[in-house]
Structure formats: structure tokens, C-alpha cells
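Since the structure comes first, as C-alpha cells, the remarks are kept for the end.
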Amino acid sequence: MAVSPSPVSAAPVDTRWLDRDMSLLAFNARVLHWAQKPDVPLLERLRYLCIVSSNLDEFFEVRAALYTSLAKPKADLSVIDAQAQESLSQVAHSLVATQYTLYNDVLLPAFAKEGIRLVSHSERTQAQHRWVKSFFEREVRPLLLPVGLDPAHPFPQVANKSLNFIVRLSGHDAFGRENEIAIVQVPRSLPRFIR
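Those letters in the sequence shown? Residues 63 to 257, per my numbering, in order.
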């Protein structure tokens, strides 16, 4: 005897579609879940964590930026759902908090057990301090170009996914001006990790 499928009732219009942004965050939560699984190899867990990090960077550059642009004067505010925006913010912040907790409290100690450590500034020996200072002066400093930040000039263009630092300055520039704050972009030609 053949069984006919039961009829599917049409969902209300507002619940038939998935929210695109919430769906993207839910996907990243599932990827992050794999990074949390102790039975997944350690390097794979780190890889999953990096995927989520990269995806969230893109999410904030593209999707969250849309909400920021809509919040500007003369924007069509009818498309902004404040409650949805708040929900997105809460979910995204929760994902980021989970990432940091997983990285700092789980993965770093697990890597340390395997003999892989990221050495912080305070953990370095005197010989390591000297080596790092020498490396910085020889390889890094010649490539850095601080751009002073002041109210008289627009904020400089910052390349997507580039590593930048805001630094406090002391002294005067070549023209005798005092700049208190600058932005320094780390050139992509420099390695992210040093062995």
C-alpha cells in the first residue's frame, strides 16, 4: 500500500525565508563547533577557528557595514530592523567571545602540551629579547611608515585585511610638528610568525 505524503501547509510569509545574515552566523557557529570537538586533530581545530575568523572579518566588512551605511543621514531607514540588528550583534559577539575562549583556554594549552608555544613578550629570555630587537631594527623598522592622525587631515585609507597599529608618538616630526597618534600598517611582505 502506497502512503501519500501529508500535505505541507504554507508557512506564513515572514517565516518562509531564512535571514541571510543570521544564516551566515549560524553557518560559522557550526564551523566553530568543529573547532571545539576534542576528537578533531589539533591543527584541524585551529584551521576551523581560522576559517571562522576569516569569515567573520568578511561578515563585518560586507554585511555589518551595510547596517552602518543605512544608519547614516538620508539613508532609507525603512529597511533597518533594529531588533534584527541587535540580534545579529549579540550572536556575532557571542561567536567572537567563544573564539577567544577556545583559542586562549583550550587550543593554546593543547599546543603547549605538544611542544608548540607562542612566546609572549614577558616570557622571552634576555637572548630572545636581543634577537627580537635586532630583527625589528634590521628587517621591520625600515619598512614601517607611520601616518600621523590629527583633526586637520582625513583618516588615511586602510587596506582590507591588513594588519595595522595605532601608536602613541613622542617628539616632533621633520617639520617640527608634534603628532600624538599615528597609524602604522604592517607590510604584507613581513612574515606573520618567526621561528
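Where is the CB? At the ideal position from N, CA and C, for every residue including glycine.
Buried or exposed for residue i, please, with buried defined as at least 16 other CB atoms from any protein chain shown within 10 angstroms of its CB.
| i | result |
| --- | --- |
| V220 | exposed |
| S68 | Residue placement at S68 cannot be trusted, given a pLDDT of 44 that sits under 50; what the coordinates show is reported in the next sentence. The residue is exposed, with fewer than 16 neighbouring Cβ atoms inside 10 Å. |
| E240 | exposed |
| D167 | exposed |
| F121 | buried |
Tell me where the alpha helix (DSSP H) around residue i begins and ends.
| i | result |
| --- | --- |
| A60 | An answer regarding residue 60 cannot be provided, because it is not within the stretch 63 to 257 covered by the chain. |
| N90 | 82–98 |
With C-beta atoms as the reference, is residue i less than 8 Å away from residue j?
| i | j | result |
| --- | --- | --- |
| A91 | L157 | yes |
| A146 | D81 | yes |
| V194 | L252 | no |
| L169 | L108 | yes |
| V209 | I256 | no |
| Q161 | L205 | no |
| E148 | N222 | no |
| A154 | L128 | no |
| L225 | F217 | no |
In terms of residue numbering, what span does the beta strand (DSSP E) encompassing residue i cover?
| i | result |
| --- | --- |
| V248 | It is not in any beta strand (DSSP E) - V248 carries neither H nor E in the DSSP assignment. |
| L170 | Element bounds for L170: not the beta strand (DSSP E) but the alpha helix (DSSP H), 170–175. |
| F227 | 226–230 |
| G210 | 209–211 |
Would you list the one or two residues that DSSP bridges to residue i?
| i | result |
| --- | --- |
| V194 | Per DSSP, none; premise fails for V194. |
| E240 | H234 |
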